[in-house]
Amino acid sequence: MKMFKAVDNDFNIPLKRKTVQRMHVTKIDEHIHLIDLELAGMENFIASYVLKGKNTAIVETGPASTVQNLLSGLKELDVKPEEVAYVAVSHIHLDHGGAAGTLLKYLPKAKLIVHRRGAPHVANPEKLWTQAREVLGNIAEMYGKPESIPEERIIAATDGMVFDVGNGVKLNVVETLGHASHHLSYYEASSQGIFTGDAAGIYLNRFDVVVPTTPSPFRLDMALASLKKMINLKPRFLYYSHFGKAQSAIEKLQVYVKQLKLWAEIAKQGIEKGENLEAISGRILESDMAVQKAAEHIKSHPILSETVPNQSVKGVTKFVEKFGNAIK
């Protein structure tokens, strides 16, 4: 008797046990759904957003290791592969755009929107993968290796570009540098929301607090300018890649500005006293009430426990060492 592999009829992928179960898909606006990508079973950590107009757009792919979860979420939303016109990523870090190359293999008409500086690295991701493994170690392996994307399917985006999904749904490109030198956010006018990427920090929705994501080579000056740009758009909502929809958008952006300045000031004081990075990190984490509120969650989280007290503090400290604290 000949055996056949079970495959998804739309996306033509082998069905594994984890892809058969229903994904955590949440409707957050009339035309926007959030898919919880559940990296290694972690809920409320990495989000992908699906916008439905006449066509469909996806904002953030997540890492390569969760692509089947994303495809399962699209199936649950009854999105046909040929309906997807755009896949937009905030930046090329593995937890945001790592699945793009694999995903586009299943979306025959979709093009990838990425910052112009990031475009060469998604066409040939070998250097990106090598550097990610050096910096992130086992976390990079958890995210998975990104696949290359044909250049003709890549849109090298710049500030102010607009992508029309139809039926009044449009993605407005907002260059938001700082977290990375190739970072974009996307303003969606009909919902008055911004898909922030990492430009507005990590939103821990269980605690309703934001914690910085500021790895080297973080640029505080650029990050603050980007936050001002987002505030000037007067959004009602923020759609965080990490994680979810947040209200009181302007207030959260303003609080994040103060938070970054606090971290920089403490780093400056520590450098002047000759403190090492561990001591500076301890004082920052003790002084930041948002971090304190979620301290136990951060300590127990497989990824945040490494990135917040180490990589994020290091990024701010390195900026202050190089540029001083000349921040207004």
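Numbered per my numbering, the sequence shown spans residues 12 to 339.
Virtual Cβ for every residue (Gly too), placed ideally from N, Cα, C.
Are the CB atoms of residue i and residue j nearer to each other than 8 Å?
i, j, result
"Leu-118", "Val-98", "yes"
"Val-176", "Asn-66", "yes"
"His-190", "Asp-170", "no"
"Ala-278", "Thr-328", "yes"
"Leu-45", "Ala-58", "yes"
"Gly-148", "Pro-226", "no"
"Tyr-154", "Pro-74", "yes"
"Val-185", "Met-233", "no"
"Leu-288", "Val-324", "yes"
"Leu-235", "Val-268", "yes"
"Leu-231", "Ala-275", "yes"
"Lys-263", "Ala-211", "yes"
In its own chain, which residues sit with a C-beta less than 6 Å from the C-beta of residue i, not counting the 5 before and 5 after it?
i, result
"Ala-143", "Leu-105, Ala-151"
"Ile-213", "Val-222, Thr-224, His-253"
"His-312", "none"
"Val-319", "Val-222, Ile-309"
"Ser-292", "Pro-320, Val-324"
Where residue i and residue j are concerned, what is the direct C-alpha to C-alpha distance, given to the nearest angstrom?
i, j, result
"His-1", "Asn-178", "Within the shown structure, residues of the chain are numbered from 12 to 339, placing residue 1 beyond reach of any answer."
"Asn-55", "Leu-48", "8 Å"
"Ala-305", "Glu-163", "44 Å"
"Lys-16", "Gly-108", "Reliability fails at Lys-16, whose pLDDT of 39 lies under 50, so the model's placement of it is uncertain and the value that follows must be treated cautiously. Rounded to the nearest angstrom, the two C-alpha atoms are 29 Å apart."
"Gln-303", "Ala-167", "39 Å"
"Ser-316", "Lys-38", "30 Å"
"Lys-256", "Lys-156", "28 Å"
"Gln-32", "Lys-333", "Here the model assigns Gln-32 a pLDDT of 48, short of 50, so the residue's position is not dependable, and the following value carries that caveat. C-alpha separation (whole angstroms): 49 Å."
"Thr-72", "Lys-116", "13 Å"
"Lys-120", "His-193", "25 Å"
For my contact list, residue i and residue j are in at a C-beta cut-off of 8 Å; report their separation, rounded to the angstrom.
i, j, result
"Phe-206", "Tyr-250", "5 Å"
"Asn-216", "Tyr-197", "The Cβ separation is near 20 Å, so there is no contact."
"Ser-101", "Leu-238", "Ser-101 to Leu-238, Cβ: 14 Å. No contact."
"Gly-112", "Glu-158", "3 Å"
"Ile-165", "Ala-130", "5 Å"
"Ile-103", "Leu-139", "6 Å"
"Leu-273", "Ser-298", "7 Å"
"Ile-261", "Lys-284", "Wrong, their Cβ atoms sit about 35 Å apart, outside the cutoff."
"Ile-69", "Ser-202", "Incorrect: roughly 16 Å between the Cβ atoms, too far for contact."
Using a Cβ cut-off of 8 Å (strictly closer), state whether residue i contacts chain D.
i, result
"Lys-120", "Structure shown: chain D not included; a single protein chain is present."
Apart from the five residues just before and just after residue i, which ones in its own chain have a Cβ nearer than 7 Å to its Cβ?
i, result
"Ala-96", "Asn-66, Thr-67, Ala-68, Lys-120, Ala-121, Val-176"
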